[in-house]
């Protein structure tokens with residue numbers, strides 16, 4: 109079990125989907141950051157179930173309480189403990205599944221590893237576990253913006269075979285084009301910043317729900333305002349830590365940065381990003397590197413993708429076995445998201461914020477790292 | 109700077125491409141493992157330059173010396189220090205580049221971060237840095253096989269737009285099909301286990317060299333014999349640590365596991381891996397999960413991909429700027445690989461071995477983890 | 109700020125003396141340990157204020173709630189979060205002190221470091237912070253005993269100049285003599301296992317309270333049932349980690365193990381512990397080593413001391429300065445312990461348990477470490 | 109095995125007493141520190157055997173080579189690898205002991221833990237292991253002085269029952285009295301800054317050697333120029349990390365800071381250090397705290413003691429058993445120090461420097477920590 113991450117900005121999360129509560133302890137957040145419950149609640153509200161027609165009908169309030177680390181509206185430099193109590197978990201929904209290994213869930217592997225599991229839901233493998241990360245990430249994001257002017261923005265790029273059209277992708281990726289705003293992304297339940305695509309995605313998700321099936325997709329995450337110098341080669345290259353953060357999310361199966369997998373089909377003469385001196389600053393004219401060279405940020409936008417599989421909880425009938433090895437058929441009832449992508453947007457932002465806050469502190473230790481130009 | 113990785117099986121690497129030497133200290137390797145210099149040398153010989161017509165004409169012997177941790181052919185449980193001296197580094201090749209930022213190299217970011225860099229090559233960002241990892245990985249791989257029967261096999265799946273044909277990919281991925289052998293993979297300089305494809309790749313690389321250009325590609329890595337129970341949710345899920353290990357390699361831009369990015373376009377009903385009880389063991393009938401569920405190995409083959417960009421050292425002329433910000437043109441002479449993929453095969457295997465050895469020890473601590481069925 | 113400790117059995121604590129609550133997250137506790145709230149509450153009751161005439165008249169219930177990690181009376185292998193809410197903190201007592209640096213408290217250093225402090229008590233420097241450690245330590249202690257038969261027993265050896273008499277010390281230290289029982293130690297408020305000495309200590313503490321002064325003292329901690337092989341040289345020698353654990357407690361100024369400072373005045377020929385083969389086991393005939401040789405346990409009793417200074421909160425008038433640097437006089441009113449020693453007994457036991465649980469898991473990873481003979 | 113220490117300024121050591129070599133990798137040393145081989149060699153020369161009449165007649169050159177991390181006389185910010193080759197190890201001396209457990213050595217515990225040991229000396233438990241720490245510590249000390257003006261000075265305070273006289277101790281401890289200089293301390297082989305005491309110690313050591321016996325003693329270590337704000341409560345309080353560093357040294361059995369064990373017999377009204385505003389700075393008028401309050405430096409001198417047992421290698425006959433459990437008598441011949449104290453002085457300084465360099469970097473990350481007044 110590894111419930112902590114980070115070297116200087118460290119987060120420890122806790123909580124099962126059906127236990128008394130979930131949360132996080134944030135250790136190493138610098139002192140004197142203005143912080144209120146509302147800063148954290150806003151992020152949790154973006155991830156909570158039941159927000160709109162696309163997500164699960166479970167309506168969980170997920171109200172956070174700050175237990176320590178803040179006095180008079182300012183952080184003290186001491187650990188900030190955050191608690192969200194579980195309410196209205198319908199544990200009875202899970203009773204029929206207690207003896208069955210749900211396919212592509214963590215039931216079997218949890219039992220193989222620990223010899224025990226909480227049969228009332230996914231335990232720590234549940235997406236509810238990300239509550240602690242989102243709450244902690246809200247603090248990291250606030251500090252990154254306040255201290256370094258760093259801004260993180262994620263959105264849905266594709267669901268199943270519905271993807272942002274090529275020309276929209278190109279426009280979004282144009283050098284120094286404005287990032288989609290939070291309002292633009294949250295304007296539709298699909299969290300895709302292009303309305304026609306968002307509507308097609310919404311239709312696809314509704315159809316999957318009706319069919320008792322589920323869908324995967326891809327999230328794009330972009331970070332602006334990162335100064336040159338973040339990243340700790342060789343093992344903690346910035347892209348290595350981002351990949352670890354993203355791949356530690358439930359249902360995530362892939363990560364790439366900059367040109368990514370497409371870059372593997374390019375020639376060096378196309379892929380290299382030429383340097384120029386622009387507005388008094390060293391810049392590159394293209395950004396196939398995704399803002400990272402040699403594992404260290406170069407001041408350009410950091411841009412990466414995260415691929416998510418279709419969630420495994422589906423109403424359609426499936427083959428499996430019981431704990432005793434007896435073949436059986438199952439159909440997962442209950443209130444499950446047919447597609448995790450829209451709700452995963454704030455989660456990807458949160459783990460990105462945690463990763464970058466830690467790297468900022470590490471860079472500052474080493475080199476007296478300063479706010480970007 | 110982060111030069112160490114792992115929690116219990118820990119590796120620290122050191123060395124610049126043009127300094128006195130490079131190497132690693134392996135701490136936490138269990139005692140009484142038979143270990144000889146030749147075990148490590150064999151792995152280094154697979155990564156060294158000048159092996160064959162496809163790689164750089166630099167012919168570096170890269171001979172390793174064991175400085176500590178082994179007595180009478182057995183590990184002592186104490187740190188194993190490994191040293192490879194640099195010989196014949198042609199530092200003069202780099203003199204013309206000392207004042208220029210090479211595009212998509214780490215020159216600019218290193219200087220931005222540290223205020224200094226070794227101008228005689230890429231320093232720690234050089235692929236020579238992986239010597240330490242390959243040497244350490246050889247020890248991890250030996251222990252994994254001896255102690256747990258775990259076997260790691262990587263090969264080139266594509267270079268530029270030449271990819272293993274669909275039917276070959278399907279054959280390789282068939283459930284319980286034999287892994288390609290080391291001999292099959294090393295039978296051709298491209299390290300691709302399908303001769304016709306290997307020959308096409310070799311041709312493509314030769315053409316890129318002639319054109320003064322470079323090529324990227326994709327490596328597949330597969331692991332057999334992993335027992336259920338490896339992986340430490342939530343932050344150290346097995347796929348998260350593998351992604352971190354792979355993305356910390358020079359030139360790597362992407363990672364996916366199991367269905368990966370392709371899985372994002374599937375439905376849950378297709379993607380879920382049904383359980384069955386086969387030969388007295390819990391198995392899945394498909395393996396879209398890539399051997400991992402909920403961040404923990406499930407006993408199936410672990411299978412992932414790593415995408416590498418084309419190496420940035422090309423002879424073709426490029427635009428850049430000097431350290432003073434003056435635009436300039438450059439053409440990188442010297443003895444560079446036009447395609448890093450074949451030599452990256454043992455490197456990917458090494459970081460995979462290091463990651464799994466650490467997870468094995470961690471699992472053993474927790475649960476008295478045992479060798480697979 | 110460093111609020112986590114341990115490599116495999118990891119504890120993160122949180123909470124200020126006057127915030128909403130305090131607690132801990134225990135990560136890495138093995139699965140399937142029987143655990144109830146009462147196991148933890150019992151330890152907290154031993155450290156809580158207001159237990160008896162010797163301690164502060166503050167009567168804090170300090171009731172713990174288990175927020176996660178336990179299902180049906182067994183640990184799940186997931187993080188165990190523990191919460192104790194603050195009640196009845198009389199923050200107003202501190203108002204007059206908000207602008208004054210209390211001598212030998214952490215007021216000045218906290219402000220120098222963080223630029224902010226919670227003026228309502230000692231914040232994280234308060235002894236209330238140890239609530240999280242005692243709660244977590246109760247889990248560690250239960251696991252150590254259940255899994256390895258390891259038993260930890262601390263008691264007060266001296267307060268001010270009242271010390272256990274030489275012959276009592278010799279009797280307690282005699283090879284294989286029974287440890288004082290918990291009942292014997294808790295039989296008197298001084299937590300000293302020799303009634304006449306306990307009564308003298310009680311008198312001394314009562315007199316100090318009456319005089320508005322405070323007293324220091326020494327705690328002895330002894331551990332039985334430790335198998336040979338715990339400790340991770342060179343940096344995490346068992347005595348090094350015990351020293352770190354003990355010196356991280358508020359008011360602790362010294363640590364020694366085995367012969368300790370007295371051993372510095374001995375000759376090698378007196379100090380060396382001869383080996384013998386006793387009852388089929390390798391034993392030593394004396395134990396100047398304190399159960400540790402070369403940083404690794406040798407199977408003998410581990411025995412160490414912790415020295416505590418007199419607590420700095422005294423009613424007697426003192427000189428100090430305000431935050432503005434103006435000389436001032438202060439007298440600390442409020443409900444403070446005149447001597448922390450009796451309540452520190454369960455705290456020393458707790459940090460010892462946390463240290464040893466972590467080392468047990470680490471030893472098990474390395475060498476398949478087993479329960480003692 | 110734990111061969112690494114530190115969070116940001118990290119050191120990994122390697123090497124057995126009779127293997128090919130010993131050394132260290134220093135990771136995280138800031139870039140652009142002027143560093144030459146001679147800086148490190150000077151520290152090694154202070155710890156090496158055979159310096160003078162008091163130490164072992166083994167004359168080991170212990171020449172260090174810098175393998176990486178330095179270019180053109182400046183650190184690169186990359187890992188600095190240091191190697192000292194073993195020469196002239198008389199392994200044959202140990203042949204008669206291969207089957208015997210030497211009393212109070214690590215022979216038995218090493219074998220109990222690892223199932224194997226290098227019989228040619230103490231392996232990693234040998235004092236030769238400290239070569240890596242001293243070499244690494246020299247870099248830390250140089251950086252601390254260059255960057256923060258911090259100066260570390262240790263000396264022998266007592267050997268066996270010969271201690272600095274009370275009035276000398278008082279003079280040395282007087283507020284703001286000058287530290288003994290390196291020249292004063294190294295003026296005599298005993299490394300005690302009071303010539304008459306040094307001469308008595310030298311006599312005592314000579315007599316112990318003649319008698320085939322050994323002696324323990326106490327080292328005092330003092331640190332000047334530490335700014336307020338170093339130390340990371342709660343677990344990495346500055347005194348906790350110093351205690352861990354010191355207790356991880358071979359033969360060390362105790363640590364105390366400030367008033368230490370003596371403070372346990374004081375009253376709060378005597379022990380508290382009153383604040384005053386002196387020369388524009390917050391100071392204390394006494395320093396029973398030893399420069400630390402609440403685990404954080406307060407700007408006063410940091411002063412602590414380390415107790416060392418008599419070394420266990422003695423020529424006098426001793427009782428022990430063989431590996432097979434047969435009682436036997438042994439007498440350890442060979443070239444051993446009868447008293448480790450004088451050579452431990454630079455070792456204590458080294459681990460202190462490593463601890464403080466790490467805490468400086470951590471403080472800088474958190475709070476933009478600056479050089480002292």
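Protein chains in written order, with our numbering: chain C, 109 to 481; chain P, 109 to 481; chain H, 109 to 481; chain W, 109 to 481. Glycine included, every Cβ here is placed at the ideal spot set by N, Cα and C.
Sequence-distant partners of residue 201 (chain H) (beyond 5 residues in either direction) whose C-beta falls short of 6 angstroms from its own C-beta, in its chain, are 442.
The residue from W:355, W:346, W:345 and W:347 with its alpha-carbon nearest to that of residue 349 (chain H) is W:355.
Per DSSP, residue 222 (chain C) lies in no beta strand (DSSP E); the unbroken alpha helix (DSSP H) holding it starts and ends at 215-222. DSSP lists no beta-bridge partner residue for residue 434 (chain C). Annotation: residue 361 (chain W) is outside any alpha helix (DSSP H); the continuous beta strand (DSSP E) that includes it extends over 360-365. Taking a contact to require three or more Cβ pairs closer than 8 angstroms, the region 183-195 of chain H and the region 127-134 of chain H qualify as touching. When Cβ-Cβ separations below 7 angstroms define contact, residue 473 (chain W) makes contact with chain C. Classified as exposed, residue 160 (chain H) has fewer than 16 neighbouring CB atoms from the shown chains inside 10 Å of its CB. Pairing residue 260 (chain C) with residue 113 (chain C) gives a Cβ-Cβ distance that is not under 7 angstroms. Ranked by Cα distance from residue 176 (chain C), the first of H:111, H:178, H:207 and H:217 is H:111. Listed along chain W, the residues sitting closer than 9 angstroms to residue 226 (chain P) by beta-carbon distance are 179, 180, 184 and 186.
Among the residues facing chain C, residue 355 (chain P) is included, as its CB has a counterpart in that chain under 7 angstroms away. It is roughly 29 angstroms from the alpha-carbon of residue 228 (chain P) to the alpha-carbon of residue 118 (chain P). In the structure shown, the three-state DSSP call for residue 135 (chain C) is strand. When secondary structure is reduced to three states using DSSP, residue 319 (chain H) falls in the coil class, being assigned neither helix nor strand. Nearest to residue 378 (chain P) by alpha-carbon distance, out of C:409, C:268 and C:339, is C:268.
In the three-state DSSP reduction, residue 210 (chain H) falls in the coil class, being neither helix nor strand.
A straight line joining the alpha-carbon of residue 447 (chain H) with that of residue 343 (chain W) spans about 23 angstroms. For the region 251-328 of chain W, the full-length beta strand (DSSP E) segments reaching 3 residues or more read 259-267 along the chain.
Under the Cβ criterion of 7 angstroms, residue 116 (chain W) is counted among the residues facing chain C.
Between residue 212 (chain P) and residue 284 (chain C), the gap from beta carbon to beta carbon reaches 7 angstroms or more. Residue burial is scored here from C-beta neighbours: residue 225 (chain C) has at least 16 other C-beta atoms within 10 angstroms and is therefore classed as buried. Within the same chain, and ignoring the five residues on either side of residue 435 (chain P) in sequence, the residues whose Cβ sits closer than 6 angstroms to its Cβ are 429. Between the region 323-331 of chain W and the region 360-380 of chain H, the count of C-beta pairs closer than 8 angstroms reaches three or more; the two stretches touch. It is roughly 34 angstroms from the alpha-carbon of residue 254 (chain H) to the alpha-carbon of residue 364 (chain W).
Apart from sequence neighbours up to five positions away, the residues of its chain that approach residue 232 (chain C) with a beta-carbon distance below 7 angstroms are 124, ordered along the chain. With 16 or more neighbouring CB atoms inside 10 Å of its own CB, residue 178 (chain H) falls in the buried class. In the DSSP assignment, residue 346 (chain H) falls within the alpha helix (DSSP H) that extends over 346-355.
Counting along the chain, residue 154 (chain W) sits inside the alpha helix (DSSP H) bounded by residues 145-155. The C-alpha of residue 306 (chain W) is placed about 11 angstroms away from the C-alpha of residue 313 (chain W). When only Cα atoms are considered, residue 400 (chain P) and residue 361 (chain C) end up about 10 angstroms apart.
In the DSSP assignment, residue 426 (chain W) is bridged to W:438.
Here DSSP, grouped into helix, strand and coil, assigns residue 142 (chain W) to strand. Rounded to whole angstroms, the separation of the alpha carbons of residue 303 (chain H) and residue 296 (chain H) is 7 angstroms. The closest CA to that of residue 451 (chain H), considering only H:151, H:198 and H:115, is found on H:151.
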